[in-house]
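Enquirer: Chains as they are written, first to last, in this note's numbering: chain A, 1 to 96; chain B, 97 to 391; chain C, 392 to 781.
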Amino acid sequence: MKPFLRDFVPTSYKDIPDATAYEAGYLVTKNAGWRNIRPVIDNTKCVGCLNCYLYCPDGVIFREGSKVNIDYDFCKGCGICSKICKPGAIKMEAEK
Amino acid sequence: MAINAKTLSETELFYGHKACAGCGGSLAVRIALKVLGENAVAVLPAGCMSAVGFNFPQLCFGNNAIISTFAGTASMLTGVEAGLRAQGITDFHAVGFAGDGGTADIGLQALSGAIDRNDDILYICYDNEAYMNTGIQKSSLTPFGARTTTTPAGKNIRGNLRPKKNLFEIVAAHGIPYAATASVGYLNDFMRKVEKAKNIRGTKYIHVLAPCPTGWGVKTDETVEIAKEVVDCGLWYLAEYENGEFTLNQRPKEFSDVSAYLRRQSRFKHLTDADIEIITKSRDEKWEFIKKNFK
Amino acid sequence: MSKKFLSGNEAFAYGVRLARPQVISAYPITPQTIVVEKLSEFVEDGSLNAEFIHVESEHSALSCAIGASSVGARAFTATSSQGLLYMAECLPYAAGGRFPIVMMNANRSTALPWNIYGDQRDSISQLDSGWIQAYAGNAQEALDLALMSFYIAEHSEVSTPFMANLDGFVLTHTYEVVDVPTQEQADTFLPKYETENKLDLQNPRNLAFSAGPDTNTFFKYKEHLGILNASKIIEKAEERFAEIFGRRYSGLTESYQTDDAEFILITLGSISGLVREAVDKLRAEGKRAGLLRLRYLRPFPNEEIANAVKDAKALAVLEKDVSFGNEGTVYTNVNSALQKAGITLPTSNYIGGLGGKNISFEEIINIFDELEKQQSKVKFLGIGGEANGY
């Protein structure tokens with residue numbers, strides 16, 4: 001469970017709430033465009049220590065079985081995961 | 097079972113926010129909320145985390161969350177806690193996340209009031225050592241020597257002239273049920289403290305050092321590393337205050353090099369050897385005090 | 392219903408108790424203190440089941456009330472003067488967040504010079520903060536207003552915080568015989584506060600967010616509509632109030648002898664009692680004088696004023712405030728009401744009672760005399776000499 005992207009974007013007068021109160025975790029834009037580099041996981045080297053998942057400021061690395069995967073919609077490419085990965089299983093690669 | 101990456105809830109409650117890449121503050125908020133769970137009711141004042149998390153219609157908190165006035169984190173937390181309790185609701189954790197300026201400067205009075213009343217709230221200060229949201233201005237938690245946009249490093253004055261305010265001990269002096277320091281470089285320690293605070297009634301305060309790559313002048317991938325290094329070199333420490341006693345959680349056998357820690361950050365680039373000597377000396381004096389007064 | 396001999400502050404506290412607020416946060420300031428002392432006693436003796444929060448400042452008093460309201464609790468606070476100004480940041484915050492907090496403000500002068508006595512510069516300086524502003528005329532009205540304020544503020548078509556103003560000392564500290572309704576009557580009158588504008592564990596929300604240029608105007612327009620809607624909800628509340636308690640109020644304004652009046656004095660707050668006596672004296676002399684008391688400044692009674700004065704020859708506004716560099720703020724607002732209604736009428740402005748200075752019966756009679764002669768536009772009462780007035 002986490003905040004997720006929605007199709008409906010309330011922008012018109014009739015769509016906005018009466019007060020500054022709205023459904024929690026309502027996302028309408030991605031952060032993918034922020035990246036110059038992206039983390040790429042080499043699952044053969046991953047030992048499942050979960051440090052990348054733990055230390056990600058954006059929480060975009062999620063557990064998948066005994067390994068991890070990345071939500072590239074919201075990864076900003078900071079590189080913390082790569083740096084913290086002791087087995088060197090995460091490499092930062094240039095965005096094409 | 098100790099809380100760690102494997103036992104931590106997989107639910108992400110702070111997600112899709114617009115914090116800078118590598119933001120230490122957002123890491124602290126994210127992890128604390130994972131420990132506290134979905135029944136956390138979060139109050140965040142004007143500052144980085146509210147600026148990046150509450151831009152309607154992009155709302156990045158999966159749990160109940162509200163922005164307070166800059167000075168009003170603690171007082172709004174009090175109202176939230178009292179308001180829920182008055183309606184017979186008890187299965188929640190009222191938690192505040194304020195930066196160093198929001199806590200040690202403009203929000204200190206309200207925080208002191210809440211501790212005085214012993215309101216059942218958890219107040220987490222994510223300390224990135226300056227007003228980062230407004231563009232890196234000095235706060236009272238900016239360390240000696242740091243260059244900020246209001247403490248420029250020139251020929252006459254080399255950055256901030258005053259030492260970092262000792263907020264942890266100021267909070268402890270209230271006789272608060274629980275206070276702790278932490279660093280996003282040591283998340284297992286931080287998580288343990290949040291978990292502990294979660295189960296204590298009354299006011300809890302956790303001061304977590306959370307580097308800001310933008311304001312400190314380090315690369316975005318160095319946040320965690322530098323948050324470890326500040327502890328390892330002795331300029332920050334991991335401790336708790338409980339039942340009137342201070343406990344040190346991690347006692348470095350040997351400090352890593354202070355100058356290496358400082359010189360890798362552009363906010364300290366201008367410091368002279370004499371400046372670094374002053375910083376090292378004050379660190380040693382602090383540790384003398386810690387050895388004498390902390391368990 | 393029972394009769395009690397109560398000061399304005401005490402009467403208001405009794406009204407608040409009848410409304411069963413769940414959270415009260417307050418910081419002491421003269422001349423507000425008695426209302427919070429009384430409420431503390433009610434909490435202590437168990438007659439009021441509320442969380443009483445001893446905050447360390449007025450800023451925290453309102454911030455705490457906002458927090459309580461943000462989880463759907465009924466919240467009350469009270470302040471005065473410097474305290475109101477100290478919490479000023481939180482005023483538009485509460486209004487913009489649509490949190491229906493009720494606050495009593497004991498009208499008091501603002502420093503400098505220091506002065507603890509009554510004038511209305513404190514609340515009137517905050518007219519644009521988005522709060523409903525009511526001005527009580529006596530202790531009975533103060534009690535009734537306390538009870539009605541929650542109904543009006545919390546009504547789903549309003550959702551706007553409510554500031555009930557009592558003239559410092561003159562009303563807050565003066566004792567009158569007051570009818571105190573029973574709790575059963577009050578419970579019949581005031582429904583439980585229900586809202587979706589809250590943090591809710593079953594239905595998590597993000598509150599008090601940022602809204603950029605694209606949507607900001609929408610939120611502000613809705614806020615504006617909410618406080619405008621208060622006009623009709625005030626009428627509705629008073630109708631309901633009259634049915635249950637047998638006392639009837641007259642909406643945003645209260646007219647006295649205005650129907651055939653040639654000269655009308657518009658004022659607000661407790662001074663209206665003395666103006667009423669002056670009108671009686673002038674009427675006895677065959678002069679067609681009238682009084683229009685503004686019970687509310689926000690929403691502003693534009694139509695009520697226009698209707699009351701449309702056949703008059705001249706009007707004066709007597710108020711205990713001044714917008715430095717211009718004139719009395721109520722006067723500015725009244726002139727705007729006339730202009731919008733297409734009424735051209737000589738108007739003049741009397742600024743009096745600053746720092747608690749007494750406004751005498753003779754001064755009020757004199758205002759009516761000057762109205763007939765149409766001598767001045769803006770004049771400070773209590774300053775003699777030719778230089779006064781412009």
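Beta carbons: idealized from backbone N, C-alpha and C, even for Gly.
These numbers were taken from a predicted model, which means no experiment stands behind them.
Between R596 (chain C) and chain B, is there a C-beta pair that is closer than 8 Å?
Expert: yes
Enquirer: Using the beta-carbon of each residue, which ones in chain A are nearer than 8 Å to N160 (chain B)?
Expert: The contacting residues are A24.
Enquirer: With a CB to CB cut of under 7 Å and the five nearest residues on each side skipped, what residues in its chain are close to L619 (chain C)?
Expert: P690
Enquirer: Which partner residues does H450 (chain C) have in the DSSP bridge list?
Expert: Beta-bridge pairing links H450 (chain C) to no other residue.
Enquirer: Closer than 8 Å by beta-carbon distance: list the chain C residues that pair up with Y13 (chain A), in chain order.
Expert: F609 and Y612
Enquirer: What span of residues does the beta strand (DSSP E) with S279 (chain B) cover, start to end?
Expert: Y274 to S279
Enquirer: In three-state terms, what does DSSP make of I84 (chain A)?
Expert: It is helical.
Enquirer: Determine, using beta-carbon pairs with one atom in the region 537-553 of chain C and one in the region 697-717 of chain C, whether at least three such pairs fall under 8 Å.
Expert: no
Enquirer: Output the boundary residues of the beta strand (DSSP E) element that contains N139 (chain B).
Expert: Reading off the sequence shown, one finds Val at residue 139 (chain B), where the question assumed Asn. Counting along the chain, the beta strand (DSSP E) containing V139 (chain B) begins and ends at A136 to P141.
Enquirer: Which ranges does the beta strand (DSSP E) cover as unbroken runs of at least 3 residues, wholly within the region 710-751 of chain C, from first to last along the chain?
Expert: 738-742
Enquirer: Scan the region 353-372 of chain B for residues whose Cβ lies nearer than 9 Å to a Cβ of chain A and list them as they occur along the chain.
Expert: Residues passing the 9 Å Cβ filter: none.
Enquirer: Where do the N-terminal and C-terminal ends of the alpha helix (DSSP H) with F580 (chain C) fall, by residue?
Expert: Taken as a continuous stretch (DSSP letters only), the alpha helix (DSSP H) holding F580 (chain C) covers Q574 to F580.
Enquirer: Measuring straight from C-alpha to C-alpha, what distance separates A306 (chain B) and G660 (chain C)?
Expert: Each residue's Cα considered, the two are about 53 Å apart.
Enquirer: Ignore the nearest five residues each way along the sequence and tell me which others in F602 (chain C)'s own chain have a CB closer than 6 Å to its CB.
Expert: Checking the sequence, you will find Ala at residue 602 (chain C) rather than Phe. Counting only Cβ-Cβ distances below 6 Å, and skipping sequence neighbours, we find F610.
Enquirer: Could you tell me the distance, in whole angstroms, from the CA atom of K627 (chain C) to the CA atom of L643 (chain C)?
Expert: Taking C-alpha positions only, K627 (chain C) is separated from L643 (chain C) by approximately 12 Å.
Enquirer: Count the other CB atoms within 10 Å of the CB of D58 (chain A); is the residue buried (16 or more) or exposed (fewer)?
Expert: It is buried - the Cβ of D58 (chain A) has at least 16 other Cβ atoms within 10 Å.
Enquirer: If distances are taken between C-alpha atoms only, which option among C:L557, C:Q413, C:I750 and C:A486 comes closest to A669 (chain C)?
Expert: It is C:I750 whose Cα lies nearest to the Cα of A669 (chain C).
Enquirer: For a minimum of 4 consecutive residues, which ranges assigned as the alpha helix (DSSP H) are wholly contained in the region 587-634 of chain C?
Expert: For the region 587-634 of chain C, not a single whole alpha helix (DSSP H) run of length 4 or above is found.
Enquirer: Give the DSSP bridge partners of D570 (chain C), in chain order.
Expert: C:K394
Enquirer: When the Cβ atoms of the region 268-282 of chain B are set against those of the region 401-413 of chain C, are three or more pairs found closer than 8 Å?
Expert: Flag = no, the region 268-282 of chain B and the region 401-413 of chain C do not touch.
Enquirer: Is it buried or exposed for I253 (chain B), if we count other Cβ within 10 angstroms and need 16 for buried?
Expert: exposed
Enquirer: Could you check the C-alpha separation between N389 (chain B) and A497 (chain C) for me, to the nearest Å?
Expert: 50 Å
Enquirer: Give, in chain order, every residue of the region 67-91 of chain A whose Cβ lies closer than 7 Å to some Cβ of chain B.
Expert: F74, K76, G77, C78, G79, I80, S82, K83 and I84
Enquirer: Against chain B, does T470 (chain C) count as a neighbour if the rule is that its beta carbon must be under 8 Å from one of theirs?
Expert: no
Enquirer: At a Cβ threshold of 8 Å, is K102 (chain B) touching chain A?
Expert: yes
Enquirer: Using alpha carbons as the reference points, say which of C:G719, C:E763 and C:E435 lies closest to V769 (chain C).
Expert: C:G719
Enquirer: For N450 (chain C), is the classification buried or exposed, using 16 other Cβ atoms within 10 angstroms of its Cβ as the cut-off for buried?
Expert: A quick correction: the sequence has His, not Asn, at residue 450 (chain C). It is buried - the Cβ of H450 (chain C) has at least 16 other Cβ atoms within 10 Å.
Enquirer: Kindly identify the DSSP beta-bridge partner or partners of I425 (chain C).
Expert: In the DSSP output, where bridge partners are listed per residue, I425 (chain C) has none listed.
Enquirer: Report the rounded CA-to-CA distance for C139 (chain B) versus S416 (chain C), giving the unit in angstroms.
Expert: The sequence given here places Val at residue 139 (chain B); Cys does not occur at that position. When rounded, the distance between both Cα atoms is 18 Å.
Enquirer: According to DSSP, which residues form a beta bridge with I444 (chain C)?
Expert: C:S416
Enquirer: Does the contact criterion of 3 or more C-beta pairs under 8 Å hold for the region 347-358 of chain B versus the region 321-338 of chain B?
Expert: Contact between the region 347-358 of chain B and the region 321-338 of chain B is present: 3 or more CB-CB pairs across the two stretches fall below 8 Å.
Enquirer: Can you name the start and end residues of the beta strand (DSSP E) that Y687 (chain C) belongs to?
Expert: Y687 to R689 is the extent of the beta strand (DSSP E) around Y687 (chain C).
Enquirer: Look at the alpha carbon of R35 (chain A) and the alpha carbon of Y282 (chain B), and state the distance between them as a whole number of angstroms.
Expert: 26 Å
Enquirer: Can you list the residues of chain A that R679 (chain C) reaches, using a CB-CB cut of under 8 Å?
Expert: The premise fails here: R679 (chain C) is roughly 46 Å from chain A at the closest Cβ pair, so nothing lies under 8 Å.
Enquirer: Taking N339 (chain B) as the reference, which of B:G298, B:D317, B:S378 and B:L358 has the closest Cα?
Expert: B:G298
Enquirer: Chain B beta carbons: is any one of them nearer than 8 Å to that of G59 (chain A)?
Expert: yes
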